[in-house]
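Going left to right, the sequence shown walks through residues 1 to 79 as full-length UniProt numbering numbers them.
Even glycine gets a Cβ: it sits at the ideal position worked out from N, Cα and C.
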Amino acid sequence: MGAFEWGTTCQGLVTSLKAGNWHDTTVWSCNVVPISTDIVQLNHVVTLPTNYPAQITTLRNSTTGKVTYLSGAALRLGF
């Protein structure tokens, strides 16, 4: 697992449960931070912290879902 890949996957689909920071496990279903093999269903405003390198396979947004990027943060898709 990479430097920012914590926990296990939630059978490949991780859904936001509330607004908050990307690296906060309570924001996500199954209490895990999404990793490079996950599909993310974003239903809330989720913030990528400063210099945070998130990696996921696919991002699905609802009408209320949004990613906010702090300085140096990146979200890579397609892994």
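Within 10 angstroms of its Cβ, does residue i collect 16 or more other Cβ (buried), or is it exposed?
i, result
"Thr47", "buried"
"Thr15", "buried"
Would the beta-carbon of residue i fall within 7 Å of that of residue j?
i, j, result
"Thr68", "Asn43", "no"
"Leu70", "Pro49", "yes"
"Thr25", "Ile39", "no"
"Ser36", "Cys10", "no"
Who pairs with residue i in a beta bridge, going by DSSP?
i, result
"Pro53", "Ala74"
"Leu42", "Asn61"
"Leu48", "Tyr69"
"Asn21", "Thr47"
"Thr15", "Gln41"
For residue i, collect the residues of the same chain with a Cβ closer than 6 Å to its Cβ; drop the 5 residues on either side in sequence, then sort them by chain order.
i, result
"Ala19", "His44, Val45"
"Trp22", "Val46, Leu48, Ala54"
"Arg76", "Gln55"
"Asn51", "Gly72"
"Ala74", "Pro53"
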